[in-house]
Amino acid sequence: MTDAAANSPRIDRLRAGLKKRYAREKRFRAYGLLAIAIAVGFLVLLLGRIVEQGHTAFYAHTVTVPVYMDPARIDRGYPQGTNFEQLVAEQQLARMGVQDDAAGTKATAMRGLFSSELKYLAADRVARQPGLIGQTVTIAAPASDDADLFFKGKVSRDTPADQRRLSDQQIQWLDQMKADGHVSAHFNSGLFTRGDSTEPELAGVLGAVIGSALMLLVTALIAIPLGVGAALYLEEFAPKGKLTDLIEVNINNLAAVPSIIYGLLGLALFINWMHLPRASPLVGGLVLALMALPTIIIATRSSLKAVPPSIREAALAMGASKTQTVFQHTLPLAMPGVMTGAIISMAHALGETAPLLLIGMVSFVPGLPHSLVEPTGALPSLVYIWENASERAFHERTAAAILVLLAFMIVMNAAAILLRRRFERRW
Amino acid sequence: MTWLFLPILIAAAVAAFLGGRALARRRSEGQRAHSRPGQHGAYALIWTAVPALIVLIAASVFSPQVERQLMASGAPEAVQQLEHFRREAFYADARAVGAGHQTAQIWPAPYAELLPAEGQRAHRISLMLSLGGIVAAALAALLGALFVFSQIRPGMRARNRVEGWIVGALFACSAVAVLTTIGIVASLVYDSIRFFHSVPITEFLFGTQWSPQTAIRADQIGSSGAFGALPLFTGTFLIMLIAMCVAAPVGLFSAIYLSEYAGPVFRATVKPVLEILAGVPTVVYGFFAALTVGPALRTFFNTIGSWMVGGPLDGLGQYLMLVQNQMALVAGGVMGIMLIPFVSSLSDDIINAVPQSLRDGSYAMGATKSETVKRVLLPAALPGVSGAMLLAMSRAIGETMIVTMAAGLAAKLTLNPLETVTTVTVQIVTLLTGDQEFDSPKTLAAFGLGLTLFLVTLLLNIVAQRIVQTYRQQYD
């Protein structure tokens, strides 16, 4: 009783202190949660913004227009030479009851609402069916990039006319076409079936996808065998000594060298010295292979380390040689880990951009790549090129290209995770 | 062309394997052989394929140089008088004509007439070189095969010899890593030395003027260009500092929460999310910075500025209203986000490496979790955590795409995060992606910058790895 009474001020003080300490504990915990919330929040924001900007690139608008195939203006022998865009624009003006001036500025303005693809579509129809000349044909004409953006609601009417790429008159025409029910949206398959183009509505990612695939093929063929071989040597065969230590330190440092340095190496070694073709998938693949090598070596070594020594000892005890032990027992058991590491480093190589810029993959390459030694684009460099393009319609396509890139990376990483889940063995 | 021989070589190697196996079987009939017939076959395969492959690789590496030499030595007078680049272009077109392709450009009178003849010569030379390569490779394969078939007998230690070759090949694989380093150092140093011949190294390191545009005409103002890289170094440092201000606290706190507070389910969901953040390509972060964060922050500062204008802070308000999209804060902030998972996973490993007994001791004394973290775990993990931070800094310095897309090009000597600055990596990309002429100081400057970048990141990495290693050993 007396003890407690004597201690009570101290206990009170401790109690008060305890309250403060618990409050501090709660705050500290909240900081931790906040940090995680910030990281996750930014991921959501990043992906959300890209989906928001990119999803509109997956569909495009066409305007259904009746075209009178005027025999006076179409050369039967050479329909490709006809200026169908002008023809359609003039007929469209007449249908809307607009009188053009002498210079034809209104027809030019109308022409600007249709993609230049219209010409090929019309010429193709006439070339295949010459009987159509003199008749009226309905053509679903792809809208130009500006008109397409307008239909997608990305051109604000409130912007002053001199700051937008569509004039008031063009907007009025577009409104009228829409009100007449001639405008329809459809899946933008061209995005996946075409190469790069200077015109946004004709630009697609297929060329870059093929370029990236060729490049990754070269990378995988070089980096995986070399990386696994190097890891086998260092983990299983290398005598402990200065040379081995040097190689180890070297590999650890190479893994942390900035990627742009590999670009400089590629430029100096493969292009300026060996005279391999600039911007080709071969050079890109070689540079990425040198970059991926240290990561593959490190991943392979750790999965070789995970194979218990008893396996090796058992094989050696049965009379297998060192090489037989490694290739018939250790390596097969480490293979799931090796493949996981290899796929992850390939996914990483797929997203690498800076070295590609230095070996020349910054310029516009139309069409689809055919070989390993021709200039090609790659997905990440396409993102960079489109991001720099001035046409606004390229912005949504940049985001769409990013979505394609991310989709490939997700597939590769998911494959790696599945492989690990399916084959991973705990000893 | 030379590589057309490859399928034949593969067939020859397979034949050598089969032949070697059969020969070993026949020769060792009725007696005990040291190695199995298959191992003799493998030995035969190696000796047939490897020498020929070496010849093929050598031929394809050196034949462009030899071809150039041969073309130059027999070229007509008019072509020899052309300047270097025109001459190269002429040879390229001659090769194209010889191969039956279109020329890249239209050549004027004396050269146009020379083209067909030169094209034929180019065609002959390249045919000769490829044939020579193929014959040499075939000869090498034949000699190898003859040698190996004379060797096959029951007592030969074929298995050991094959294994020796395998170990040699594996060693060669790991030597590639060393060769890569040598290649990096050699290419950077070689071009840097040429750069430092025209620009003194002291001016490069301490000069405050950076304007690498060399003029087209020699008499233009600023024709020499200025190569003082100090503004680039401060710009890189500023952006790195901003990135670390974001990544260090957020990364460290999430690592602490994940390793000390989070339950297994929470951990299992958040860790993959952080891994996704780490796997996003940097070009995507660059896009995000340039088109989302940049405009948003600019609007934010401009709005604040417009409130201040006319008030007591009028000057600051005026300044804030002129802030650009490309301010250092944007690139640095987004780079910080990119580094969060990197810092967090490294710190997580390090905190987990602190022995449980230290935590238990602290809890037994009545400390709360946060007190344990602050007074026991962090001091114990400090060396490791600082190593992780150094690695993150090295990443930030070498990061290219975010800054290329979201930071500016103007080299300003400032530490104000609202100003536009440029970095070493941005300048390397700019110098090497425009219209470039080889051997101009402008192109070589990129290699000087690359060498500086390489040395600084290498130093940071070595120090960081040392620290982390000694830290790990402490608790092992």
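Residue numbers (the UniProt record's numbering), protein chains in the order written: chain B, 1 to 427; chain X, 1 to 476.
Cβ atoms here follow ideal geometry from the backbone N, Cα and C, with glycine treated the same way.
Per-residue contacts from ILE402(B) into chain X (C-beta, under 7 Å): VAL284, PHE287
Of the residues TYR31(B), ALA213(B), GLY337(B), MET318(B), which one's Cα is nearest the Cα of ARG301(B)? GLY337(B)
Three-state secondary structure assigned by DSSP to ASP196(B): strand
Which residues mark the beginning and the end of the alpha helix (DSSP H) in which PHE5(X) is found? 5-27
Mapping the DSSP letters down to three states, classify residue 429(B) as helix, strand or coil. One cannot answer for residue 429(B) here, as it falls past the ends of chain B, which runs 1 to 427.
Strictly by DSSP, which residues pair up with ALA226(X)? SER211(X)
Could you check if LEU210(X) is buried or exposed, using at least 16 other CB atoms within 10 Å of its CB as the buried criterion? A quick correction: the sequence has Trp, not Leu, at residue 210(X). Under this definition TRP210(X) is a buried residue.
Got a sec? Which residues, its chain only, sit under 7 Å from ALA122(B) by beta carbon, not counting five neighbours each side? VAL67, PHE84, ILE139
Identity of the residue in TYR233(B), ALA127(B), SER116(B) nearest GLY168(X) by Cα: TYR233(B)
In the DSSP assignment, find the unbroken alpha helix (DSSP H) run with THR457(X) in it and report its ends. 441-475
For LEU333(B), decide whether its Cβ has a neighbour in chain X, counting only Cβ atoms nearer than 9 Å. no
With 16 other CB atoms within 10 Å as the buried threshold, where does MET215(B) fall? buried
Of the listed residues LEU34(B), GLY341(B), LEU47(B), nearest to ALA220(B) (C-alpha basis): GLY341(B)
Comparing the C-beta of ASP314(X) with each C-beta of chain B, is any distance below 9 Å? no
Restricting to Cα atoms, I'd like to know which of ALA92(X), GLN80(X), ILE125(X) is closest to PRO110(X). GLN80(X)
Apply the 10 Å Cβ neighbour rule to MET365(X) and answer buried if 16 or more other Cβ atoms are within range, or exposed otherwise. exposed
Any beta carbon of chain X sitting closer than 9 Å to that of HIS275(B)? yes
Return the residue from the list ARG10(B), ILE271(B), PHE394(B), ALA416(B) that minimises the CA-CA distance to GLY204(B). PHE394(B)
Beta-carbon proximity of VAL228(B) to LEU288(B), cut-off 9 Å: no
I need the DSSP call for PHE364(B), collapsed to helix, strand or coil. coil
Skipping 5 residues on each side, what residues in its chain have a beta carbon closer than 7 Å to that of PRO366(B)? GLY195, ASP196, SER197
Taking 8 Å as the threshold, find out whether the region 326-335 of chain B comes into contact with the region 302-313 of chain B through three or more Cβ pairs. yes
Taking PHE149(X) as the reference, give the member of THR181(X), ARG26(X), SER73(X) with the closest Cα. ARG26(X)
Would you grab the beta carbon distance between SER115(B) and PRO142(B) for me? Rounded to a whole angstrom, and I think it's under 8 Å. 4 Å
Contacts of ILE36(B) in chain X (Cβ-Cβ under 7 Å): SER254, TYR257, VAL270
To test your reading of the DSSP string, which unbroken alpha helix (DSSP H) runs of 4 or more residues are found completely within the region 66-124 of chain B? 84-96, 105-111
Quick check: the region 247-260 of chain B against the region 342-349 of chain B, are at least 3 beta-carbon pairs closer than 8 Å? no
Where GLN356(X) and GLY164(X) are concerned, what is the direct C-alpha to C-alpha distance, given to the nearest angstrom? 47 Å
PHE171(X) beta carbon less than 9 Å from that of TRP47(X): no
Provide the residue(s) that pair with VAL183(B) in DSSP beta bridges, ordered along the chain. VAL63(B)
Between the alpha carbons of LEU127(X) and ALA354(B), how many angstroms are there, rounded? 38 Å
Would you list the residues sitting across from THR420(X) in a DSSP beta bridge? MET327(X)
Taking DSSP's pairing of strands, which residues face ALA143(B) in a bridge? PHE114(B)
Limits of the unbroken alpha helix (DSSP H) element including ILE296(B): 281-305
Which residues in the same chain as ARG157(X) place their Cβ atom closer than 7 Å to its Cβ, once the five residues preceding and following it in sequence are excluded? HIS34, SER35
Please state the DSSP three-state secondary structure of ILE359(B). coil
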